[in-house]
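Engineer: Following the numbering used here, the numbering of the sequence shown begins with 559 at its first residue and continues without gaps. Glycine is no exception: its CB is placed at the ideal position from the N, C-alpha and C atoms. If you scroll down you'll find the structure; I have some questions about it.
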Amino acid sequence: MSGLGSSLSHSSSESQIMSLGTVTLPPLVNGRAWTIWLTMGMTSLMSSELSPLDMTTGGGSSFSSTSSILTPLPPVGSLYMDLLVMTALNFISILHTKTELAYRDINVCRGHWLSKRLRGLDPYEVMVKAQLAALLEVSAHPKPGNIHRFRDRWGKRFEHFIAGAVALGPPVREAFTRGLKAWSRGQLSLIGLGRLVRIAVEHQLKAHSGGNTHLGVIMLFIPIAASAPAWINSPSPSIIERALVEVLRATTPKDSVELLKAVRKLKPSGLGKPPKGLPDASKSCRTDLSMYELLKASSKWDGVARELVEGLPVTLSVGLPSLLKTYEETGDVNTAVVQCFLEILSRAPDTLIARNVGLALKPNSTIDEAVQAGMAEASWVSEKAREALALGGMLTSKGRRFIEKLDLELESRGPSYNPGTTADITASSIFVALLMGRRLI
Numbered sequence: 559m560s561g562l563g564s565s566l567s568h569s570s571s572e573s574q575i576m577s578l579g580t581v582t583l584p585p586l587v588n589g590r591a592w593t594i595w596l597t598m599g600m601t602s603l604m605s606s607e608l609s610p611l612d613m614t615t616g617g618g619s620s621f622s623s624t625s626s627i628l629t630p631l632p633p634v635g636s637l638y639m640d641l642l643v644m645t646a647l648n649f650i651s652i653l654h655t656k657t658e659l660a661y662r663d664i665n666v667c668r669g670h671w672l673s674k675r676l677r678g679l680d681p682y683e684v685m686v687k688a689q690l691a692a693l694l695e696v697s698a699h700p701k702p703g704n705i706h707r708f709r710d711r712w713g714k715r716f717e718h719f720i721a722g723a724v725a726l727g728p729p730v731r732e733a734f735t736r737g738l739k740a741w742s743r744g745q746l747s748l749i750g751l752g753r754l755v756r757i758a759v760e761h762q763l764k765a766h767s768g769g770n771t772h773l774g775v776i777m778l779f780i781p782i783a784a785s786a787p788a789w790i791n792s793p794s795p796s797i798i799e800r801a802l803v804e805v806l807r808a809t810t811p812k813d814s815v816e817l818l819k820a821v822r823k824l825k826p827s828g829l830g831k832p833p834k835g836l837p838d839a840s841k842s843c844r845t846d847l848s849m850y851e852l853l854k855a856s857s858k859w860d861g862v863a864r865e866l867v868e869g870l871p872v873t874l875s876v877g878l879p880s881l882l883k884t885y886e887e888t889g890d891v892n893t894a895v896v897q898c899f900l901e902i903l904s905r906a907p908d909t910l911i912a913r914n915v916g917l918a919l920k921p922n923s924t925i926d927e928a929v930q931a932g933m934a935e936a937s938w939v940s941e942k943a944r945e946a947l948a949l950g951g952m953l954t955s956k957g958r959r960f961i962e963k964l965d966l967e968l969e970s971r972g973p974s975y976n977p978g979t980t981a982d983i984t985a986s987s988i989f990v991a992l993l994m995g996r997r998l999i
């Protein structure tokens with residue numbers, strides 16, 4: 559204690575501060591007054607729904623300026639501190655270290671508590687919503703041509719998708735956390751979308767042995783989570799669209815390199831050869847294109863890429879309204895998810911089906927040529943989805959029987975007839991609904 563006291567005795571200015579790790583504390587003053595102040599402040603923190611963690615915004619700010627729940631500072635006086643004060647300071651210091659504490663990702667934006675700014679939504683809640691969205695999508699049945707809870711197909715099991723849905727949670731949480739900081743500082747390019755996609759893919763590969771199960775979902779969920787701090791309080795379609803596109807436009811060639819590394823690790827089916835001028839992930843991960851530019855070029859033949867660069871048009875105008883409307887009418891999440899899937903499939907021919915069928919017809923073609931060659935079959939599947947909806951879809955017994963027959967028919971045609979892009983956009987529709995605060999179960 560004498561060392562601490564002597565080190566501060568040369569100045570009694572109120573502007574003097576003591577830095578403790580990443581925490582910036584106000585001047586040390588009368589010990590017993592500080593004891594009372596800290597005890598009251600900590601009690602307020604612990605009894606509230608807020609979190610005192612990670613209170614700095616880059617440059618650092620004192621408790622007195624950022625926290626509205628601590629009591630006013632005691633008057634300047636003796637610099638001696640008793641044991642309780644030191645214990646309290648050490649406790650606060652521990653809370654501020656970058657450890658895996660329960661709520662370490664609760665952040666402050668420009669001096670305001672995240673939980674006040676974002677309707678109580680914290681990164682862990684975003685993680686759970688992402689996992690739940692992926693789980694609800696794969697569990698819904700019967701989604702024609704997809705793997706679901708009653709149908710394992712083509713070497714992949716339902717359990718592979720369950721494991722993959724859980725594994726994508728932490729990277730989505732990190733995307734939200736980094737997005738929050740980036741939006742507050744106006745530095746969206748520092749989010750690192752490509753790196754987060756790669757990390758999510760690596761988590762997926764460690765979680766199960768089923769290969770690629772969630773690449774499209776990951777590519778949708780990571781940018782959605784990173785953009786969410788900008789729209790979560792006012793989740794209108796136009797605001798969501800603008801925020802998502804702004805996040806993507808801020809990406810760099812480094813993000814593209816990381817994305818290509820992720821694709822290379824997974825070796826997803828139906829990848830094919832890229833058109834001239836675009837990088838081939840099977841050979842090289844180098845490119846001068848930003849991730850946005852790479853996705854924009856790919857959007858001509860890839861439904862997930864198009865969904866991203868255009869600001870989630872199918873998610874927001876087709877999937878989300880159908881999901882919410884059906885759930886409000888039935889109260890059944892399985893019915894709502896399958897109906898949402900059919901609505902998306904009926905209006906947007908599945909590019910994964912088109913690509914896979916096209917590559918089977920023309921093995922040496924580029925991706926865009928393959929999609930063009932297979933689009934007739936993808937359109938046929940969309941027509942079948944429209945027939946199912948015309949019969950009532952999941953809302954009538956006749957519609958359900960038609961859907962079950964279509965499910966078996968697509969399976970009989972082989973893995974090329976798996977509407978995987980439709981499943982990905984169904985998952986993004988569920989994720990956005992959950993982020994908006996809608997309860998589906």
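For Thr954, is the classification buried or exposed, using 16 other Cβ atoms within 10 angstroms of its Cβ as the cut-off for buried?
Structural biologist: The residue you call residue 954 lines up with position 396 of the sequence shown. Flag for Thr954 reads exposed.
Engineer: Going by DSSP in three states, Lys831 sits in which element: helix, strand or coil?
Structural biologist: Start at 1 with the first residue of the sequence shown, and residue 831 comes out as number 273. Residue state, collapsed to three classes: strand.
Engineer: Measure the Cβ-Cβ separation of Gly752 and Lys825 and say whether it is below 9 angstroms.
Structural biologist: By one-based count along the sequence shown, residue 752 stands at place 194. By one-based count along the sequence shown, residue 825 stands at place 267. No; because the gap between Cβ atoms is not below 9 angstroms, this pair is not in contact.
Engineer: Would you call the region 919-934 in contact with the region 702-720, where contact means no fewer than 3 C-beta pairs closer than 8 angstroms?
Structural biologist: No, because fewer than three Cβ pairs between the region 919-934 and the region 702-720 fall closer than 8 angstroms, the two stretches do not touch.
Engineer: Who are Thr924's beta bridge partners in DSSP?
Structural biologist: Residue 924 sits at position 366 when you count from the first residue of the sequence shown. Answer by DSSP bridge pairing, in chain order: Lys831.
Engineer: Compute the Euclidean distance between the alpha carbons of Val696 and Leu746, then round it to the nearest angstrom.
Structural biologist: Numbered from 1 along the sequence shown, position 138 holds the residue referred to as residue 696. Numbered from 1 along the sequence shown, position 188 holds the residue referred to as residue 746. The alpha-carbon atoms of Val696 and Leu746 are separated by roughly 32 angstroms.
Engineer: Nearest by alpha-carbon distance to Arg731: which of Gly916, Lys687, Lys831, Asn704 is it?
Structural biologist: Residue numbering aside, residue 731 sits at position 173 when the sequence shown is read from its first letter. If we check each option's Cα against that of Arg731, Lys687 comes out closest.
Engineer: Taking C-alpha atoms, which residue in Arg844, Lys831, Arg707, Met685 lies nearest to Asn892?
Structural biologist: In the sequence shown, the residue the question calls residue 892 occupies position 334. Per the Cα distances, Arg707.
Engineer: So the candidates are Trp938, Ile911, Ser940; which of them puts its Cα closest to the Cα of Asp926?
Structural biologist: Taking the first residue of the sequence shown as 1, we reach residue 926 at position 368. Out of Trp938, Ile911, Ser940, Ile911 has the C-alpha closest to the C-alpha of Asp926.
Engineer: Kindly indicate which three-state DSSP category Arg711 falls into: helix, strand or coil?
Structural biologist: By one-based count along the sequence shown, residue 711 stands at place 153. Correct three-state label for Arg711: strand.
Engineer: Could you work out which residue in Ala740, Ile776, Trp741, Ile749 is closest to Arg756 when comparing CA atoms only?
Structural biologist: Residue 756 sits at position 198 when you count from the first residue of the sequence shown. Comparing Cα-Cα distances from Arg756 to each of Ala740, Ile776, Trp741, Ile749, the minimum goes to Ile776.
Engineer: Which residue comes first and which comes last in the alpha helix (DSSP H) that contains Met952?
Structural biologist: Residue numbering aside, residue 952 sits at position 394 when the sequence shown is read from its first letter. Counting along the chain, Met952 falls outside any alpha helix (DSSP H), and DSSP gives it neither H nor E.
Engineer: If you reduce the DSSP assignment to three classes, tell me which class His706 lands in.
Structural biologist: Within the sequence shown, residue 706 is the residue found at index 148, counting from 1. Three-state DSSP puts His706 in a strand.
Engineer: Report the rounded CA-to-CA distance for Ser848 versus Lys812, giving the unit in angstroms.
Structural biologist: Taking the sequence shown and counting its residues from 1, one reaches residue 848 at position 290. Taking the sequence shown and counting its residues from 1, one reaches residue 812 at position 254. Near 7 angstroms, if we compare the C-alpha coordinates of Lys812 and Ser848.
Engineer: For the 8 angstroms Cβ check, are there 3 or more pairs between the region 861-881 and the region 988-998?
Structural biologist: Yes, the region 861-881 is in contact with the region 988-998.
Engineer: Would a C-beta distance cut-off of 9 angstroms place Ile902 and Ile983 closer than the cut-off?
Structural biologist: Position 344 of the sequence shown, counting from 1, holds the residue named residue 902. Position 425 of the sequence shown, counting from 1, holds the residue named residue 983. Yes, the Cβ-Cβ distance between Ile902 and Ile983 is below 9 angstroms.
Engineer: If we ignore side chains and look at the alpha-carbon of each, how far apart do Ser840 and Leu818 end up?
Structural biologist: In the sequence shown, the residue the question calls residue 840 occupies position 282. In the sequence shown, the residue the question calls residue 818 occupies position 260. So the alpha carbons of these two residues sit roughly 9 angstroms apart.
Engineer: Buried or exposed: Thr979, going by 16 or more other Cβ atoms within 10 Å of its Cβ?
Structural biologist: Indexing the sequence shown from 1 puts residue 979 at position 421. Buried.
Engineer: Using DSSP with H/G/I as helix, E/B as strand and the rest coil, what is Met685?
Structural biologist: In the sequence shown, the residue the question calls residue 685 occupies position 127. The answer is helix: DSSP assigns Met685 an H, G or I state.
Engineer: Return the first residue and the last residue of the alpha helix (DSSP H) that Thr984 is part of.
Structural biologist: Residue numbering aside, residue 984 sits at position 426 when the sequence shown is read from its first letter. That run of the alpha helix (DSSP H) goes 978-993.
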